[in-house]
Each structure stands twice: as structure tokens, then as C-alpha cells.
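In our numbering, the protein residues as written are 1158 to 1502.
See below:
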């Protein structure tokens, strides 16, 4: 089987490539011309195209004889809706248009979206379902929803499945790295209120769901949340990271006013540098809702799939990978109190 992966050099895409190769597929990657050679997997057939150029995408030979297409290329960091649209919406429309224009049998397309496209839940006992009206709260989520809406034009031409992962963590991920760094320190700062709850999914569990979504005809035309059944809080995440690091940190809550000031400062810095910062108003908007919860019952039923990696195991594997890769410093031994010596007579 021939599978095409866009975004193959990214966090989720690289794990998906590993899984496709492990099952014996021929894997092709559609990459931007500026993608560094060092970032390209030598096990994968590489095809260059400008994802913002519809002709470049349409004329690529990457599509020849393909059975499955996994579209993951996109951006998670930016300052404006225009930047997110350029990274998430236009490439999606160009990939779908290219596939719809080709003669012969059409490949099954899996569009990897995000829970951010749907928005947060309104109550702890009301996780979002696929039938709920999407209400994204910031530019990234709005761009992912617009990418989903681009699918509607091609529903009759292509078998397309939309997957909305919850917060994804695991080895090679950079979005959770800052939280892991904080939680493994002696004094750990919470930028998000520690009782805020969110759905999560370990990367290998997500990849298993993506493979199922592409293989089963019943998923065509449907949208799926993919998440572990039990949500977690930021307090739980910090506690698991601290345990993996062998720490017992003092945990302090950063005032919301300080987060707002830092977010505005991040936007101001981006204006001068042209680069997105780790904290800005878009990221701060994602942190405000108390319940980022979704219900993956539909995925468990249709895909005959379930998340299998417990949080403790996933966090420990992720932490160990960060340390081994040099992204986190290994913890120094906790200071121990020396026993008092008996006074000499």
C-alpha cells in the first residue's frame, strides 16, 4: 500500500510515518522545498511542493497510485488569523483539490484537525461531541475549523475523514515541553489554573486511531474526537511529571494578571521579530476556559479503538525521551538533611 503523509517531519507526522513503515507500507512525504535535508526521513520517498501553490500541489507525482492520504501539514503557532489560514486552510484546500482532480480510484483522506476547532466544553459533565456546534475561541482554532469546512466542497468526490485530537503529548512533542520543564523544577509555576481540566491523547494512541480511520470505509464523511476516556487536570499532569523526575516541587500559581501582561508582551515582541512567541494572546485565550473536554465515544465505536497508554506511563516515556534527547536536563539529586551527630564526651 502507498500512503502519503503531509507534515511528515512534525511531531505527530513522524510517529505516523514510523507506524506506516512498520506495517510495510510505501510512504511518501509531500514536503516544502525549504524543508531541511536533515529533517527529511531517508526511509520515505520525498516529493517537494509549495502547499500554498495549487498548481505545485496538483502537478506533484506524489499522488500517483496512492491508497491513503494523511494530511497533517499545518502550523500551531502564529500571531494572526491570516498567518494561521496560510498555514492550515489554504494547504488543506489545495491538497483536496489536487486529489479531486485526479482520474481513477480516489484515496481515503484523513484530515488531522484539532479539538481547538470545536472549542471548550461548557460544563465538566458535558464534554463536546461531534454533533455540537463548534465555537473556537482563538485564531488557531478558527483556522482549523475553516480547514474542516473546506472538506464540504469535496465530500462527493473523495472519501474524507476528519479527526480532532485532544491535546497530544509524547516523545518529540514541543508544545508540552515548557510544562514538563516547569513541573520538573524544585519550584514549579502554573501559568494555567491547576484545576482546569482537559482531554489528552498519547501520540501512539492517536496514530492507532488515524490508521483505523483510513482503513475503514464507514469513517468516510464523518468527524471524530480522539482522546483518552478520562480527562486530567494541570495539577495531575504536574504531579506525574514531578514523579517521573523524582521531584517533590513547591507548586505556585501565577496570577492571571501576570499571564495577561506576559501574553501582551509576547505579541509586542512578535511584532518586532516577526516570530511567534511561546506565550501570546492566542495561547492565553486557550488557557482561559476551564474545561477543554471532548467525548471520543464515536471513535471507540466506529474504529473499534481505544486509548491504551495510561497517563503515568505516557508522561514517564515522554519525560525520559526529553532527557535522552537533551531537551530537559536530568534532575540533580534532592538535597538530603545530614543526621545530627552526637556530641562527643
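No residue lacks a Cβ here, since even glycine has one placed at the ideal position from N, Cα and C. Fair warning: this is a prediction, and the values are worked out from it, not measured in the lab.
Close CB contacts of residue 1379 within its chain, under the 8 Å cut and outside five residues either way in sequence, are with 1287, 1318, 1319, 1455 and 1459 (chain order). Annotation: residue 1311 is outside any alpha helix (DSSP H) and is labelled neither H nor E by DSSP.
In the structure shown, residue 1324 falls within a strand segment according to DSSP collapsed to helix, strand and coil. Residue 1469 sits exposed, since fewer than 16 C-beta atoms from the chains shown fall within 10 Å of its C-beta. Bridge partners of residue 1163 according to DSSP: 1187 and 1228.
Relative to residue 1306, the option among 1332, 1352 and 1274 whose CA is nearest is 1274.
DSSP lists 1326 as the bridge partner or partners of residue 1359. Exclusion of the five residues before and after residue 1476 leaves 1337, 1341, 1398, 1401, 1402 and 1485 as the residues of its chain whose Cβ lies within less than 8 Å of its Cβ. Annotation for residue 1196: 1166 place their beta carbon closer than 6 Å to its own, counting only its chain and skipping 5 residues before and after. Per DSSP, reduced to three states, the secondary structure at residue 1460 is coil, with no helix or strand assignment. Between residue 1396 and residue 1465, the C-beta gap is not smaller than 8 Å, which leaves the two residues out of contact. Per DSSP, residue 1288 has no beta bridge partner at all. With 16 or more other Cβ atoms inside 10 Å of its own Cβ, residue 1328 counts as buried.
By the criterion of a C-beta distance shorter than 6 Å, residue 1269 is surrounded in its chain by 1229 and 1320, once the five residues flanking it on both sides are discounted. At the C-beta level, residue 1356 and residue 1335 stay beyond 8 Å of one another. Counting along the chain, the unbroken alpha helix (DSSP H) around residue 1337 starts and ends at 1334-1340.
Counting only runs of at least 3 residues, the stretch 1245-1289 fully encloses the following beta strand (DSSP E) elements, listed from N- to C-terminal order: 1265-1269. DSSP links residue 1204 through a beta bridge to 1187.
Leaving aside the five residues that flank residue 1370 on each side, the residues in its chain whose CB is nearer than 7 Å to its CB run, in chain order, 1267, 1318, 1320, 1376, 1381 and 1460. Contact check between the stretch 1201-1218 and the stretch 1249-1258: three or more CB pairs, one atom from each, fall below 8 Å, which counts as touching.
When C-beta atoms of the stretch 1300-1316 are compared with those of the stretch 1234-1250, three or more pairs fall below 8 Å, so the two segments count as touching.
A Cβ-Cβ contact shorter than 8 Å links residue 1411 with residue 1347.
A direct Cα-to-Cα measurement between residue 1463 and residue 1365 gives close to 9 Å. In this structure, the CA atom of residue 1359 is about 5 Å from the CA atom of residue 1326. In this structure, residue 1206 lies away from residue 1177, with their beta-carbon atoms at least 8 Å apart. The straight-line gap separating the alpha-carbon atoms of residue 1264 and residue 1391 is approximately 40 Å.
In the assembly as shown, residue 1394 is a buried residue. Its beta-carbon has 16 or more other beta-carbons within 10 Å.
In chain order, 1158, 1159, 1160, 1264 and 1265 place their CB closer than 8 Å to the CB of residue 1224, counting only its own chain and leaving out the 5 sequence neighbours on each side. Residue 1313 counts as exposed, since fewer than 16 other beta carbons sit within 10 angstroms of its beta carbon.
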